[in-house]
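Colleague: Each residue of the sequence shown is one higher than the one before, starting from 2 at the first, in our numbering. Each residue gets a CB set at the ideal place from its N, CA and C atoms; glycine is no exception.
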Amino acid sequence: EITILDICFGLGFNTLATLSYLKEKGIEKKVTIISPELDAELIASLKDFQYPDIFAVFLPIIDAISACHEYKDAHLHVKVVVGDARAYLLTCKDRFDIVYQDAFSPSSNPMLWTKEYFSDISKVIKDDGILTTYSTAFKTRLALYENGFNVYINSGEGYRNATLASRSLIKLPLVNMEHKISCNRDVQSLRD
């Protein structure tokens, strides 16, 4: 079983890319994806959005989410929780294997990038869970590090560098946060 927290559902591309990958690789596991999303009108409009052809097989899932914020079958449960992600984290009883930290950038939405926010994330991610984010900002990485996460560089051909964080050790280049901190003594993570 795989449990995923997809911060800010938006158009659902993280969820759809996950489902596409699982289908392509023939991975047959029970998957639960929970996604807080503040914009209820956006969710209602998903049924009219023109998704890439690669996601055509998943359009019934999008239609269900657009209509009632949830899709469920024997192997998949996707639930969009309409409301504030921070409020959701405070009441969340689930523990997640993967967290997609895909909120708007820290400059646009700083409340989903603070040290305190990542403290809330650390309470709902499993000990061997992985957080992934497009942000490579030092302040983001510092907030993760201050909450006990190891910080890694995710790089490869065809995509820009990103950040992975986990309390477990994984086989990716580890960011030397102690060195970064010593070179940037005046920088602090974002705070509430």
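1. Report back the beta-carbon spacing between valine 79 and phenylalanine 97 to the nearest angstrom; my notes put them in contact at under 8 Å.
2. I'd like the ranges of any alpha helix (DSSP H) spanning at least 4 consecutive residues and lying wholly in the stretch 90-167.
3. Could you pull out every residue in the same chain whose Cβ sits closer than 6 Å to the Cβ of proline 174, ignoring the five residues on either side in sequence?
4. Hey, out of Lys26, Tyr160 and Asp187, whose CA is closest to leucine 143's CA?
5. To the nearest whole angstrom, what separates the beta carbons of arginine 87 and tyrosine 118, a pair I think is in contact under 8 Å?
6. From alanine 166 to phenylalanine 139, what distance separates their C-alpha atoms?
7. Can you look up serine 169 in the DSSP assignment and give me helix, strand or coil?
8. Within the continuous alpha helix (DSSP H) that includes histidine 76, where are the two ends?
9. At 3 residues or longer, what runs of the beta strand (DSSP E) sit wholly inside the stretch 16-67?
10. Kindly indicate which residue of Glu25, Asn162 and Ile35 has the alpha-carbon position closest to the one of lysine 94.
Modeller: The answer reads as follows:
1. That pair is no contact at about 14 Å.
2. 116-125 and 139-147
3. Ile154
4. Asp187
5. 7 Å
6. 13 Å
7. coil
8. Histidine 76 -> no alpha helix (DSSP H), and no H or E assigned at all.
9. 32-38
10. Ile35
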